[in-house]
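Chemist: Numbering (this note's numbering), first residue to last: 575 to 897. In this text, a Cβ means the ideal position worked out from N, Cα and C, and glycines have one as well.
#1: Taking the C-alpha atoms as reference points, what is the distance between residue 597 and residue 622?
#2: Across which residues does DSSP place residue 603 in a beta bridge pair?
#3: Roughly how many whole angstroms lie between the Cα atoms of residue 520 and residue 609?
#4: Hey, which unbroken runs of the beta strand (DSSP E) at 3 residues or more fall wholly within the segment 741 to 788?
#5: Return the Cβ separation of residue 679 and residue 729 in integer angstroms, given the expectation that the two are a contact with Cβ distance under 8 Å.
#6: Less than 9 Å between the beta carbons of residue 776 and residue 877, yes or no?
#7: Check each candidate in 685, 860 and 810 and name the one with the smallest Cα separation from residue 833.
#8: Among the residues of its own chain, which have a CB less than 8 Å from the CB of residue 756, if the five just before and after it don't count?
#9: Apart from the five residues on each side of it in sequence, which residues of its chain come closer than 6 Å, Cβ to Cβ, to residue 810?
#10: Using only alpha-carbon positions, find the residue among 649, 695 and 616 that is nearest to residue 681.
#11: Check whether the Cβ atoms of residue 701 and residue 612 sit closer than 9 Å, and answer yes or no.
#12: Check whether the Cβ atoms of residue 639 and residue 683 lie closer than 9 Å to each other.
#13: Using the Cβ count rule (16 or more neighbours within 10 Å means buried), how would you classify residue 691?
#14: When the Cα atoms are used, what is the spatial distance from residue 880 to residue 782?
#15: Determine the direct distance from the alpha carbon of residue 840 to that of residue 599, and round the result to whole angstroms.
#16: Could you name the residues of the same chain whose beta carbon sits closer than 6 Å to that of residue 721, not counting the 5 residues immediately before and after it, in chain order?
#17: For the putative contact between residue 711 and residue 758, defined by C-beta atoms under 8 Å, what is the C-beta separation to the nearest angstrom?
#18: Compute the beta-carbon to beta-carbon distance between residue 820 and residue 767, rounded to the nearest angstrom, for a pair I have assumed lies under 8 Å.
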């Protein structure tokens, strides 16, 4: 069963209650846009926070946190939050000699906020358990701006006792928590499914706005009609706004990471014999974006690809990539 846990819930209102005294020493591994936002918010919430990134300058830039260049220095942390780009990096920093599993103390909980495969979460949960530690998959819905504002959504999967320990910390970082059950892989599958929904929405909005422009209706008028009638979701308004204004830089989610998520989702679909023809098409559209050299653009640049295919003019500030 999936439970929804709002930040304002009392213990009696949720099937998973908070512990009375949340742990004070938190580690953060991976200081990209999301990880650095989490670290700063933890510091601002009064937690003793130790941060690690393979790029040393990122740790030094996190004011108020204690930077370290060795995972072994996280041995005193009660909870370690990781925010890493893919399965390979998560595995490299968690498993093996000098990895997180070796560094973490017994009873500590690893909270992975990464968008990764269900398979790796299940494997890491087993490995952590063998060492007397906990593992929670807690991927995030939301962009870096929402993370800074503590407005992201978490989907968490894992053993209830481990979730109970980490929940007070997770709640300080977002606005809503969904409990996906004791299988951590389900949290990751939910995130991949959500990203499929976003990506296919971006493709449809890009094509629709291109059609309107080509037919003589301004994109502004079309966007106003669509997002103030039947298509008024956060995805339509936020990402559609990026397409409308051609604001593809700086990227909240760069194309290679979005393509990685599509690949993981389609691998799960194949494994479960679930045809996803629209998702497969959008995956190919992202490959086309990489072929054009757009690896640093936001994934909403699917709208740019649609307008380019329609031979529509683009904003002057995009001339370096559209000429």
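Modeler: In this structure, then:
#1: On the chain shown, position 23 is the one that residue 597 refers to. On the chain shown, position 48 is the one that residue 622 refers to. Residue confidence for residue 597 is low, a pLDDT of 48 falling below 50, so the modelled location carries little weight and cannot support an answer.
#2: Residue mapping note: residue 603 aligns to position 29 of the chain shown, counting from 1. Bridge partners of residue 603: 626 and 656.
#3: Absent from the model: residue 520. The displayed extent of the chain is 575 to 897, so no value can be given.
#4: For the segment 741 to 788, whole beta strand (DSSP E) runs of length 3 or above, ordered along the chain, are 748 to 753.
#5: Walking along the chain shown from the start, residue 679 turns up at place 105. Walking along the chain shown from the start, residue 729 turns up at place 155. No, residue 679 and residue 729 are not in contact; Cβ-Cβ is about 27 Å, not under 8 Å.
#6: Here residue 776 refers to the residue found at position 202 when the chain shown is read from its first residue. Here residue 877 refers to the residue found at position 303 when the chain shown is read from its first residue. Yes, the pair counts as a contact, with Cβ atoms nearer than the cut-off.
#7: Counting from 1 along the chain shown, the entry for residue 833 is found at position 259. The residue with the shortest Cα to Cα distance from residue 833 is 860.
#8: Within the chain shown, numbered from 1, the residue matching residue 756 stands at position 182. Taken in chain order, the residues that qualify are 731, 732, 733 and 734.
#9: Here the question's residue 810 lines up with position 236 in the chain shown. Closer than 6 Å at the Cβ level, and outside the excluded window around residue 810, lie 801.
#10: Start at 1 with the first residue of the chain shown, and residue 681 comes out as number 107. Comparing Cα-Cα distances from residue 681 to each of 649, 695 and 616, the minimum goes to 649.
#11: The sequence position of residue 701 within the chain shown is 127, counting from 1. The sequence position of residue 612 within the chain shown is 38, counting from 1. No, the pair does not count as a contact, with Cβ atoms beyond the cut-off.
#12: The residue labelled residue 639 in the question sits at position 65 within the chain shown. The residue labelled residue 683 in the question sits at position 109 within the chain shown. No Cβ-Cβ contact shorter than 9 Å links residue 639 with residue 683.
#13: Against the chain shown, residue 691 aligns to sequence position 117. Buried is the call here.
#14: Along the chain shown, one-based indexing puts residue 880 at 306. Along the chain shown, one-based indexing puts residue 782 at 208. C-alpha separation (whole angstroms): 9 Å.
#15: Your numbering for residue 599 matches position 25 in the chain shown. Your numbering for residue 840 matches position 266 in the chain shown. Using only the alpha carbons, I get a separation of about 38 Å.
#16: As a first step, residue 721 must be located in the chain shown, where it is residue number 147. Same-chain partners within the cutoff: 608 and 611.
#17: Locating residue 711 in the chain shown gives position 137, counting from the first residue. Locating residue 758 in the chain shown gives position 184, counting from the first residue. Yes, they are in contact, since the Cβ atoms of residue 711 and residue 758 sit about 4 Å apart, within 8 Å.
#18: Along the chain shown, one-based indexing puts residue 820 at 246. Along the chain shown, one-based indexing puts residue 767 at 193. Rounded, the Cβ-Cβ distance is 28 Å, inconsistent with contact.
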